[in-house]
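Going by the numbering used here, the sequence shown wraps up at 422, each residue one higher than the last. Just so you know, even glycine gets a beta-carbon here, dropped at the ideal spot from N, CA and C. Source: prediction; values computed, not measured.
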Amino acid sequence: MAYAATAGEMNAAVRAAPGVLALQRALVWLVGASGAIVFIEPSPYEIVTLLATVTFFATGLRLRLALMPLLLMLVLLNVGYTISAIPLCDQPEVVSWIATSWYMAVTVVFFATITSEDTAARLDMLRRGLVVGAMIASLSAVAGYFHLIPGGDDLLTLYGRARGTFKDPNVLGAFLILPALFALQSVVSDKPAKAFRKVIAFGIMSLAILLAFSRAAWGGLALTSAFMLALMVLTSRTNAQRSRIVVMAIVAAVLGVALIAVLLSFDSTAEMFKQRASFDQSYDEGRFGRFGRHILGAEMALDLPFGIGPLQFHRFFPEDTHNSYLNAFMSGGWLSGVCYPALVFTTVITGFRHIFVRVPWQRAYLAVFSAFVGTVGESFVIDTDHWRHFWMMLGAMWGMIAAAQVYKTRAGDEASSA
Numbered sequence: 005m006a007y008a009a010t011a012g013e014m015n016a017a018v019r020a021a022p023g024v025l026a027l028q029r030a031l032v033w034l035v036g037a038s039g040a041i042v043f044i045e046p047s048p049y050e051i052v053t054l055l056a057t058v059t060f061f062a063t064g065l066r067l068r069l070a071l072m073p074l075l076l077m078l079v080l081l082n083v084g085y086t087i088s089a090i091p092l093c094d095q096p097e098v099v100s101w102i103a104t105s106w107y108m109a110v111t112v113v114f115f116a117t118i119t120s121e122d123t124a125a126r127l128d129m130l131r132r133g134l135v136v137g138a139m140i141a142s143l144s145a146v147a148g149y150f151h152l153i154p155g156g157d158d159l160l161t162l163y164g165r166a167r168g169t170f171k172d173p174n175v176l177g178a179f180l181i182l183p184a185l186f187a188l189q190s191v192v193s194d195k196p197a198k199a200f201r202k203v204i205a206f207g208i209m210s211l212a213i214l215l216a217f218s219r220a221a222w223g224g225l226a227l228t229s230a231f232m233l234a235l236m237v238l239t240s241r242t243n244a245q246r247s248r249i250v251v252m253a254i255v256a257a258v259l260g261v262a263l264i265a266v267l268l269s270f271d272s273t274a275e276m277f278k279q280r281a282s283f284d285q286s287y288d289e290g291r292f293g294r295f296g297r298h299i300l301g302a303e304m305a306l307d308l309p310f311g312i313g314p315l316q317f318h319r320f321f322p323e324d325t326h327n328s329y330l331n332a333f334m335s336g337g338w339l340s341g342v343c344y345p346a347l348v349f350t351t352v353i354t355g356f357r358h359i360f361v362r363v364p365w366q367r368a369y370l371a372v373f374s375a376f377v378g379t380v381g382e383s384f385v386i387d388t389d390h391w392r393h394f395w396m397m398l399g400a401m402w403g404m405i406a407a408a409q410v411y412k413t414r415a416g417d418e419a420s421s422a
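Here it is as C-alpha cells:
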C-alpha cells in the first residue's frame, strides 16, 4: 500500500489526495490478480472490476476525447450483436452472451480511462497483480497435472491437460502469456537478484503453458517473446542493454529447450505432447473442419446482413466458428462484422506507431502490445470474443496511447518554453 501511495509518475491531470491514489492503485492491483480466477460464475474478476469501476467513478474518472473512437466502435459492435439477438431473446444463453459482450465493452472503457492517467504507477500495479494471479493459476495447473493435490484432478485438469483456475486449458495458456512477458522483461533487464526471482516465475508460467497443451499458447509464447525482445533491443538506449537482452534471451531459450526435454522424459507427457503438436487434427481438416468452416461461414456471412445471431453457428456446422472475425459477422451481422476488425486493427496500427515513443511506461507498453498482437493473430483460429484479458489489453492499449499523446504534447511545450 505504501508503494501504491508514492510510486510512479503522475500525469498532470491527476490531482487526487494520496489516500485516494493509494486506494485506486490497490484496486488496479486487485483487478489484475483476480483475472486469474475465472472457473466460477460470476468470477472474482467480474466482482472486483465492478467494484473498481464504481470506486474510480466516485473518486475521479475522466473519459478523454482521444478515447471517443474506441467508445463509438464498442457501442456499434454491441448494437449489431443486440439487433441480431432480438429473435433469440427466448434463449437464456443468448441473453447471457449479449450481456457479457456489453460488460466486456464496459471493462475496455474502464481500463482505457484508468491507464490514460497516473499511467506508469497504475500500469505497474496492474503488472504486479497479473504476475501474482498468473503464479496462482500456474501453480494450481502444475499441481493438478502432477496430482499433487488430493481430489484436485477434476477441478484443475481437463482431458489430461492442465487448466488451473480456468475452465479451459486454452484460455489458461493464453492468459499466462502477458504475465510471462512481464517476467521475461525483468529477466533480461533487471538487477541479478530481481532477475533471478523472475527466472523462477517465468519458468513456472512456461511450465503451466506447456502442460495446458495448447498449440496456440505454445506458439504465442514463443512468437510474442521473440517479438517483444526484438522491440526491446530496438528501443534500448545503450549497446550494453542490447547485449544483455540478446545474451539473456539465448540463455532463456536454452533453459526452455531443457525444460521441454525433461518433460518429454515422462511417457504420458510425451504422448500428449506428440498428440497436441500434430498439425493433422481431425477437427482441423475436411470440408467442415476448422478452416473449411471459415470458408463456408464467410460465404454465408455475405448473404446475411443481420447474421444468424450469437451462439447459432453450431446449428449449421459441427462446431463453433473458432475465428473471432468470422464470429463477429455471424453473431452481429455486417455492422459487428465490420466494427470488430476495425476496432482490433486500428489498435494494432496505432500501437505500432507508438512503439518508439519515449514514455516512462515504454517497457510495460512493449509487453502489452506484444501480447495483444499475439492474441489478435490467435483470433483467426479460436474464439477470443469473451476472453477477459483480451479486452483488458485492448483498453490498456488505448489508455497508454492517449497518455502518450498528452505526454508528448507536454514535453514539447516544456522544450519550447525552455
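Of the residues the options, the one placed nearest residue i, counting alpha carbons only
{"i": "Val363", "options": "Asp271, Ala408, Pro48, Met108", "result": "Ala408"}
{"i": "Arg132", "options": "Glu275, Ala30, Gly164", "result": "Ala30"}
{"i": "Leu34", "options": "Tyr163, Met77, Asp128, Thr123", "result": "Asp128"}
{"i": "Leu71", "options": "Thr350, Thr242, Phe356, Gly378", "result": "Thr350"}
{"i": "Ala125", "options": "Met396, Ile386, Gln366", "result": "Gln366"}
{"i": "Ser481", "options": "Pro322, Pro48, Pro345", "result": "One cannot answer for residue 481 here, as it falls past the ends of the chain, which runs 5 to 422."}
{"i": "His151", "options": "Ala166, Ala141, Ala221, Ala138", "result": "Ala166"}
{"i": "Leu92", "options": "Met304, Ala302, Ala116, Ser335", "result": "Ser335"}
{"i": "Pro48", "options": "Val112, Ala256, Pro73, Phe170", "result": "Phe170"}
{"i": "Gly337", "options": "Asp307, Phe321, Gly207", "result": "Asp307"}
{"i": "Ala221", "options": "Asp158, Ala184, Leu134, Gln189", "result": "Ala184"}
{"i": "Asn174", "options": "Leu215, Asp158, Gly64", "result": "Leu215"}
{"i": "Gly223", "options": "Val377, Met77, Thr63", "result": "Val377"}
{"i": "Ala262", "options": "Lys278, Gly207, Phe231", "result": "Gly207"}
6 Å CB neighbourhood of residue i in its chain, flanking five on each side removed
{"i": "Asn82", "result": "Ser105, Trp106, Ala109"}
{"i": "Ile153", "result": "Ala147"}
{"i": "Phe179", "result": "His393"}
{"i": "Thr273", "result": "Leu267"}
{"i": "Phe270", "result": "none"}
{"i": "Asp157", "result": "none"}
CB-CB length for residue i against residue j, believed under 8 Å
{"i": "Met186", "j": "Ala371", "result": "For clarity, residue 186 is Phe in the given sequence; the question names Met instead. 5 Å between Cβ atoms; contact."}
{"i": "Ala212", "j": "Leu176", "result": "7 Å"}
{"i": "Leu130", "j": "Ala375", "result": "Contact flag wrong, Cβ pair sits at about 13 Å."}
{"i": "Ala40", "j": "Ala141", "result": "4 Å"}
{"i": "Ser210", "j": "Gly260", "result": "6 Å"}
Backbone CA spacing between residue i and residue j [nearest angstrom]
{"i": "Met236", "j": "Ile249", "result": "8 Å"}
{"i": "Ile87", "j": "Pro314", "result": "10 Å"}
{"i": "Glu50", "j": "Trp101", "result": "15 Å"}
{"i": "Val380", "j": "Val348", "result": "7 Å"}
{"i": "Pro196", "j": "Asp387", "result": "40 Å"}
{"i": "Thr450", "j": "Lys198", "result": "Outside the shown range of the chain (5 to 422) lies residue 450, about which nothing can therefore be said."}
{"i": "Gly36", "j": "Val191", "result": "21 Å"}
{"i": "Ala16", "j": "Gly403", "result": "Residue confidence is low: Ala16 scores 41 on pLDDT, short of 50, so the model does not pin down where it sits. No coordinate-derived value is stated."}
{"i": "Trp391", "j": "Thr354", "result": "22 Å"}
{"i": "Ser229", "j": "Ile359", "result": "16 Å"}
{"i": "Phe115", "j": "Val136", "result": "19 Å"}
{"i": "Asp94", "j": "Ser340", "result": "22 Å"}
{"i": "Gly84", "j": "Thr242", "result": "49 Å"}
{"i": "Phe333", "j": "Asp194", "result": "45 Å"}
{"i": "Phe321", "j": "Gly311", "result": "15 Å"}
{"i": "Ile264", "j": "Ser144", "result": "19 Å"}
{"i": "Arg357", "j": "Met139", "result": "32 Å"}
{"i": "Ala406", "j": "Arg68", "result": "8 Å"}
{"i": "Phe43", "j": "Ala415", "result": "45 Å"}
{"i": "Asp172", "j": "Val385", "result": "16 Å"}
{"i": "Leu80", "j": "Glu303", "result": "23 Å"}
{"i": "Val410", "j": "Glu121", "result": "10 Å"}
{"i": "Met396", "j": "Ala226", "result": "21 Å"}
Residue i, buried or exposed, once every other Cβ within 10 Å from all chains shown has been counted against 16
{"i": "Ala6", "result": "Note on Ala6: pLDDT 39, under 50, position unreliable in the model; the coordinate value appears next. Answer is exposed; the Cβ neighbour count stays below 16."}
{"i": "His393", "result": "buried"}
{"i": "Val266", "result": "exposed"}
{"i": "Gly155", "result": "exposed"}
{"i": "Asn382", "result": "Per the sequence presented here, residue 382 reads as Glu, with Asn not at that position. Buried, by the Cβ-count rule."}
{"i": "Ser247", "result": "exposed"}
{"i": "Gly23", "result": "exposed"}
{"i": "Phe317", "result": "buried"}
{"i": "Pro46", "result": "exposed"}
{"i": "Arg297", "result": "buried"}
{"i": "Phe61", "result": "exposed"}
{"i": "Pro202", "result": "In the sequence under discussion, the amino acid at residue 202 is Lys, which differs from the Pro named in the question. It counts as buried."}
{"i": "Gln28", "result": "buried"}
{"i": "Ile254", "result": "exposed"}
{"i": "Ala11", "result": "Its pLDDT being 39, under 50, Ala11 is placed unreliably in this model, and the coordinates cannot settle the point."}
8 Å CB neighbourhood of residue i in its chain, flanking five on each side removed
{"i": "Asn331", "result": "Phe317, Asp324, Thr325, Asp387, Asp389"}
{"i": "Thr53", "result": "Val35, Ser38, Thr111, Phe114"}
{"i": "Pro73", "result": "Thr350"}
Same chain, Cβ closer than 7 Å to residue i, five either side skipped, listed in chain order
{"i": "Thr161", "result": "Gly148, Tyr149, Arg167"}
{"i": "Val98", "result": "Ala89, Leu92, Gly313, Pro314, Leu315"}
Cβ-heavy atom distance, residue i to the ligand GTP, below 7 Å
{"i": "Glu50", "result": "This structure lacks the ligand GTP; in fact it carries no ligand of any kind."}
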